[in-house]
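Colleague: Sharing a structure below in structure tokens format, with a few things to ask.
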Amino acid sequence: MAYHIEIKQSAVRELAKIPKAQRRLVSRKIDALANDPHPKGLRKLKGRQEEAYRIRAGDYRIIYQVQEKKLIVFVIRIGHRKEVYRKP
Numbered sequence: 146m147a148y149h150i151e152i153k154q155s156a157v158r159e160l161a162k163i164p165k166a167q168r169r170l171v172s173r174k175i176d177a178l179a180n181d182p183h184p185k186g187l188r189k190l191k192g193r194q195e196e197a198y199r200i201r202a203g204d205y206r207i208i209y210q211v212q213e214k215k216l217i218v219f220v221i222r223i224g225h226r227k228e229v230y231r232k233p
């Protein structure tokens, strides 16, 4: 069963700032979440009110939430590994 991918507008802007080669890798990882929202290498983030996960895409990280009942993957943030965990 495929999940629907929704990307927060701020995450779309963050994705546009990533260099083209890495952007393709990040986009492929996001697309793959539709088939498997809990891939190998998944980490559950601690210290957040809502349940959020992160996956790696080279030096970039994709932070997202999964709504199991509605079959939705909601991408919250995309950014370099040094910056993505800081509060905006």
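In the numbering used here, the protein residues as written are 146 to 233. Cβ atoms here follow ideal geometry from the backbone N, Cα and C, with glycine treated the same way.
1. Is DSSP giving K174 helix, strand or coil here?
2. Per the DSSP calculation, R222 is bridged to which residue(s)?
3. Pick from E213, I217, I223 and G203: whose alpha carbon is nearest that of L170?
4. Reducing DSSP to helix, strand and coil, say where R193 ends up.
5. Measuring CB to CB, does V229 end up less than 8 Å from V218?
6. Assuming contact is defined by CB atoms lying nearer than 8 Å, are A147 and V220 in contact in what I supplied?
7. In its own chain, which residues sit with a C-beta less than 7 Å from the C-beta of R222, not counting the 5 before and 5 after it?
8. Is it buried or exposed, R193, if we count other Cβ atoms within 10 angstroms and call 16 or more buried?
Modeller: By the coordinates alone:
1. The three-state reading of DSSP puts K174 in helix, counting H, G and I together.
2. For R222, which the question treats as bridged, DSSP gives the partners I208.
3. Minimum Cα distance to L170 is reached at G203.
4. DSSP places R193 in coil when its eight states are reduced to three.
5. The beta carbons of V229 and V218 sit no closer together than 8 Å.
6. Going by C-beta atoms, A147 is not nearer than 8 Å to V220.
7. Sequence-distant Cβ neighbours of R222 in its own chain, meaning closer than 7 Å and more than five residues away, are A156, E159, I208 and V229.
8. Burial call: exposed.
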